[in-house]
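Engineer:
Protein chains: 2
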Amino acid sequence: MAKKDEGIQATAESVTLIDVARVAGVAPMTVSRALNRPELVRSDTQKKVLDAVRATGYVPNLLAGGLASSKSRLVAILLPTIANSIFADTVQALVDRLTASGYQTLLGVTAYSISREEALVEAILGRRPDGIVLAGTSHSKATVARLVKANIPVVEIWDLTSKPIDTVIGFSHEQVGKEVAQHLVAKGYRDFGVLSVDDPRGLRRCKSLIAQLATQGIRNTAFEIMPAPATLQAGREGTAKLLQARPPRIIVCSSDTLAQGVLAEAASRKLNVPDDIAVMGFGDLSTAAHVYPALSTVRVDGATIGMEAADTLLARFLQGRTGAVSSRVKIDTGFAIIDREST
Amino acid sequence: MAKKDEGIQATAESVTLIDVARVAGVAPMTVSRALNRPELVRSDTQKKVLDAVRATGYVPNLLAGGLASSKSRLVAILLPTIANSIFADTVQALVDRLTASGYQTLLGVTAYSISREEALVEAILGRRPDGIVLAGTSHSKATVARLVKANIPVVEIWDLTSKPIDTVIGFSHEQVGKEVAQHLVAKGYRDFGVLSVDDPRGLRRCKSLIAQLATQGIRNTAFEIMPAPATLQAGREGTAKLLQARPPRIIVCSSDTLAQGVLAEAASRKLNVPDDIAVMGFGDLSTAAHVYPALSTVRVDGATIGMEAADTLLARFLQGRTGAVSSRVKIDTGFAIIDREST
DNA sequence: CTGTTAGCGCATTCAG
DNA sequence: CTGAATGCGCTAACAG
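Listed in order, the protein sequences are those of chains A and B.
With the numbering used here, letter number 272 in the first sequence gets 690, and the count goes up by one each step, no holes.
With the numbering used here, letter number 124 in the second sequence gets 542, and the count goes up by one each step, no holes.
What follows is the structure, encoded as structure tokens:
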């Protein structure tokens with residue numbers, strides 16, 4: 419490469435450890451130690467090194483470091499979506515905690531597609547992350563195989579399963595559906611409409627609810643499925659469809675966003691909630707709660723899921739490469755039915 | 419779990435290029451080419467390689483690849499927050515497009531803190547990303563210096579400045595404030611209340627609005643600043659404060675979330691919008707628009723910003739390492755005032 | 001079209 | 001506590 423030639427401006431072709439060592443008057447290895455394990459270095463050499471780092475504007479090359487140490491200090495997070503996200507709290511908590519411990523986060527968006535997830539997992543594994551967090555517990559065989567082979571901590575979140583790949587943190591969507599059904603039947607409801615978007619976990623909640631209703635003798639439940647993503651508009655349209663058939667006494671939604679659409683549609687039809695028609699959502703979107711005091715919902719603690727996931731990973735990292743010992747941890751974060759009806 | 423005692427189970431200590439080469443009966447370099455530039459390889463060798471890859475379960479180590487080629491195929495994105503995010507559309511578009519072109523995205527959350535941004539930039543630059551996207555145009559000197567020195571494409575989004583580090587894509591927050599003021603004054607409003615959260619860009623919009631009002635002879639504008647993040651609750655409380663002094667004819671908010679709070683508070687006080695009190699938001703949150711047909715707002719096209727940012731980066735990547743030639747591109751994506759008042 | 005040689009920048013051994 | 005050798009897994013730049 420041309421040394422001075424046209425004298426392109428201070429392009430400073432990357433400063434390396436060696437440059438710093440030269441300036442500090444020590445061996446490269448000493449610089450590395452001063453930066454990564456300061457406790458192994460005398461404080462005066464430490465100072466020399468830090469001065470040299472500042473003087474040179476050295477930025478450690480983590481690719482090289484990772485390659486040499488096979489520790490990337492990277493954690494990958496795979497989510498269906500970030501727009502309109504009930505995962506926002508989870509991600510925020512996760513990223514916060516990991517960043518505080520010196521880990522960086524690689525973000526992948528699967529768009530609810532198992533094949534996209536598969537491609538992403540492969541691409542991401544190439545980056546040799548120290549850990550990976552996946553939303554959901556339903557993955558392709560190939561994905562699971564790769565994950566297992568990668569031999570790193572894997573945390574599946576926002577769901578529960580009897581056979582986690584490694585660790586799972588979340589709650590049972592079937593249980594949500596079942597308990598909501600029981601709760602509402604106990605309150606006296608008999609005539610249900612169910613409105614869901616086409617998202618796997620939402621559908622499972624709704625199907626479980628319908629199944630539970632059936633076991634309690636309620637079989638005439640109308641079920642409307644809208645294409646993802648959940649929007650207010652989808653909620654309104656779905657409501658219109660449910661109402662034009664045989665108006666149910668209560669509409670249960672797969673998410674609060676949808677539920678808000680129901681409320682908006684109800685308002686525009688001068689239907690009173692919950693007296694004319696009751697509405698149950700999911701997710702405890704704070705927006706919804708404040709604007710619609712009558713909206714009942716199911717609260718899930720997204721932030722806790724994120725924190726637990728981060729802590730699980732960090733604990734694993736500390737205990738070092740434990741080999742392929744999957745501990746198969748299962749944490750049920752639970753959920754709470756929030757009944758906001760004034761009745 | 420140890421199957422063969424000390425023989426830890428099929429830990430398959432990472433398959434490398436060399437293993438694949440051996441299986442395929444070719445040189446390592448040929449494997450590399452078959453994977454990265456298939457057009458340079460005969461199709462039968464290509465096939466042998468792919469078979470070997472499948473047989474071995476090889477996953478390329480991108481750390482090593484990046485180190486050797488000084489191309490990481492990584493793009494970093496720095497945002498103030500992802501919760502309650504008006505950035506969601508932007509990120510979605512950005513990630514989608516970059517992923518489609520084989521780039522992965524590293525996510526950093528700055529929490530509106532310039533010092534956190536500084537630390538994050540340093541950490542992220544260590545990963546040698548091929549490009550970086552930052553929200554905002556206000557950074558510490560050290561951050562800018564590092565970014566310039568890194569000699570990679572830098573895209574600043576969601577704002578505009580006369581001195582971009584490299585490329586800037588967004589709109590002028592001062593202009594938003596000014597035009598909103600002009601618009602509302604032209605409609606006859608004289609008595610304003612302004613409600614903002616303590617977020618730099620939101621404050622700039624509000625201050626600009628107040629300044630413009632002043633130049634038009636309106637100086638009695640009440641200004642309430644709530645701590646970030648913007649929540650519905652903050653909107654309600656801020657409204658209460660504004661109303662208890664001298665109720666304004668219109669309340670302008672730094673965001674739609676806040677505006678929804680205003681609307682909720684107004685509703686609970688039986689105030690009619692926009693007749694008793696008008697409300698102007700920012701961001702065109704679809705939720706707000708559907709639920710409150712009377713909420714005026716400023717629409718910004720987040721998805722376009724994301725797409726433009728991705729395209730800018732991809733174009734730069736294609737044209738190769740151009741050296742330190744910062745083209746200083748400036749793209750004004752504009753904004754639109756949406757007046758939903760029935761008047 | 002394919003193989004060979006030589007690092008990329010750092011951390012893991014060991015010595016001293 | 002510090003230094004020297006060695007290689008992580010891959011690709012650029014050449015040769016053939």
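Idealized CB from N, CA, C, for every residue including glycine.
In this text, all values refer to a predicted model and were calculated from it rather than measured experimentally.
(1) Less than 8 angstroms between the C-beta atoms of residue 481(A) and residue 535(A), yes or no?
(2) Confirm, please, whether the CB-CB distance from residue 532(A) to residue 557(A) is below 8 angstroms.
(3) Report the start-end ranges of each beta strand (DSSP E) in the region 666-692 of chain A that is 3 residues or longer and not cut off at the edges.
(4) Are the Cβ atoms of residue 650(A) and residue 708(B) separated by less than 8 angstroms?
(5) Tell me, please, which residues DSSP counts as bridged to residue 756(B).
(6) Residue range of the alpha helix (DSSP H) that residue 486(A) falls in?
(7) Which residue or residues does DSSP assign as beta-bridge partners of residue 575(A)?
(8) Can you confirm whether residue 737(B), when its beta carbon is compared against all beta carbons of chain A, has any partner nearer than 8 angstroms?
(9) With distances taken Cα to Cα, identify the nearest neighbour of residue 648(A) among 504(A), 606(A), 577(A).
(10) With distances taken Cα to Cα, identify the nearest neighbour of residue 751(B) among 726(B), 619(B), 457(B), 675(B).
(11) Whether or not the region 680-689 of chain B and the region 626-643 of chain B are in contact is what I'm after, with contact meaning three or more pairs of Cβ atoms, one per stretch, closer than 8 angstroms; do they touch?
(12) Quick one: list the residues of chain B neighbouring residue 540(A), beta-carbon separation under 9 angstroms, in chain order.
(13) Quick one: using the 10 Å Cβ neighbour count with 16 as the cut-off for buried, is residue 447(B) buried or exposed?
(14) List the endpoints of the continuous alpha helix (DSSP H) containing residue 806(A).
(15) Report the rounded CA-to-CA distance for residue 594(B) versus residue 596(A), giving the unit in angstroms.
(16) Could you check if residue 437(A) is buried or exposed, using at least 16 other CB atoms within 10 Å of its CB as the buried criterion?
(17) Between residue 545(B) and residue 524(B), is the Cβ-Cβ spacing less than 8 angstroms?
(18) On the criterion of 16 or more Cβ atoms from any shown chain inside 10 Å, does residue 457(A) qualify as buried, or is it exposed?
(19) Starting from the C-beta of residue 522(B), find all residues in its chain whose C-beta is less than 8 angstroms away, skip the five residues before and the five after it, and write them out in chain order.
(20) Is residue 710(B) near the ligand HEM, going by C-beta to nearest heavy atom under 7 angstroms?
(21) To which residues does DSSP link residue 749(A) through a beta bridge?
(22) Which stretch, first to last residue, makes up the alpha helix (DSSP H) that contains residue 517(A)?
(23) For residue 735(B), write down the residues that DSSP places opposite it in a beta bridge.
(24) So that I know if they touch, is there some Cβ in chain B lying closer than 8 angstroms to that of residue 771(A)?
(25) Can the beta-carbon of residue 659(A) be found closer than 8 angstroms to that of residue 683(A)?
(26) For the beta strand (DSSP E) containing residue 563(B), list its first residue and its last residue.
(27) Determine, using beta carbons only, whether residue 708(A) comes closer than 8 angstroms to chain B.
(28) Just the chain A side, please: which residues come within less than 7 angstroms of residue 482(B) by C-beta, in chain order?
(29) Give the range of the alpha helix (DSSP H) segment to which residue 526(A) is assigned.
Structural biologist: Based on what the coordinates show:
(1) On the first sequence, position 63 is the one that residue 481(A) refers to. On the first sequence, position 117 is the one that residue 535(A) refers to. The answer is no: Cβ separation not under 8 angstroms.
(2) Residue numbering aside, residue 557(A) sits at position 139 when the first sequence is read from its first letter. Residue numbering aside, residue 532(A) sits at position 114 when the first sequence is read from its first letter. Contact flag set, yes.
(3) 668-671
(4) Counting from one through the first sequence, the residue named residue 650(A) turns up at place 232. Counting from one through the second sequence, the residue named residue 708(B) turns up at place 290. Closer than 8 angstroms, so yes.
(5) Locating residue 756(B) in the second sequence gives position 338, counting from the first residue. Residue 756(B) is bridged to 715(B).
(6) Counting from 1 along the first sequence, the entry for residue 486(A) is found at position 68. Its alpha helix (DSSP H) spans residues 480-487.
(7) Numbered from 1 along the first sequence, position 157 holds the residue referred to as residue 575(A). DSSP output for residue 575(A) lists 553(A), 587(A) as bridge partner(s).
(8) Working through the second sequence from its first residue, we reach residue 737(B) at position 319. So, not an interface residue.
(9) For the purposes of this step, residue 648(A) is taken as the residue at position 230 of the first sequence. Measuring from the Cα of residue 648(A), the nearest candidate turns out to be 504(A).
(10) Along the second sequence, one-based indexing puts residue 751(B) at 333. Selected option, being the one with the closest Cα: 726(B).
(11) no
(12) Counting from one through the first sequence, the residue named residue 540(A) turns up at place 122. By Cβ distance, chain B contributes 477.
(13) Along the second sequence, read from residue 1 onward, the residue named residue 447(B) stands at position 29. By the 10 Å Cβ count, residue 447(B) comes out exposed.
(14) Outside the shown range of chain A (419 to 761) lies residue 806(A), about which nothing can therefore be said.
(15) Numbered from 1 along the second sequence, position 176 holds the residue referred to as residue 594(B). Numbered from 1 along the first sequence, position 178 holds the residue referred to as residue 596(A). Cα to Cα, the separation comes out at about 49 angstroms.
(16) Position 19 of the first sequence holds residue 437(A). Burial call: buried.
(17) On the second sequence, residue 545(B) is found 127 positions in, with the first residue counted as 1. On the second sequence, residue 524(B) is found 106 positions in, with the first residue counted as 1. Yes; because the gap between Cβ atoms is below 8 angstroms, this pair is in contact.
(18) As a working mapping, residue 457(A) is identified with position 39 in the first sequence. Under this definition residue 457(A) is an exposed residue.
(19) Within the second sequence, residue 522(B) is the residue found at index 104, counting from 1. The residues are 491, 492, 493, 516.
(20) Among the components of this structure there are no ligands whatsoever, and the ligand HEM is therefore not found.
(21) One-based indexing of the first sequence puts residue 749(A) at position 331. Residue 749(A) pairs with 587(A).
(22) Taking the first residue of the first sequence as 1, we reach residue 517(A) at position 99. 506-518 is the span of the alpha helix (DSSP H), which, as asked, contains residue 517(A).
(23) As a position in the second sequence, residue 735(B) is number 317, starting the count at 1. BP columns for residue 735(B) are empty, so no partner.
(24) The requested residue 771(A) is not part of the displayed model; chain A covers only 419 to 761.
(25) By one-based count along the first sequence, residue 659(A) stands at place 241. By one-based count along the first sequence, residue 683(A) stands at place 265. Contact flag unset, no.
(26) Your numbering for residue 563(B) matches position 145 in the second sequence. Looking at the DSSP string, residue 563(B) is not in any beta strand (DSSP E); the run it does join, the alpha helix (DSSP H), is 559-568.
(27) Counting from one through the first sequence, the residue named residue 708(A) turns up at place 290. Yes, because at least one Cβ of chain B sits closer than 8 angstroms to the Cβ of residue 708(A).
(28) For the purposes of this step, residue 482(B) is identified with residue 64 of the second sequence, where counting begins at 1. The answer, in chain order, is 485.
(29) Stepping through the first sequence from its first residue, residue 526(A) is reached at position 108. No alpha helix (DSSP H) holds residue 526(A); the beta strand (DSSP E) holding it covers 522-527.
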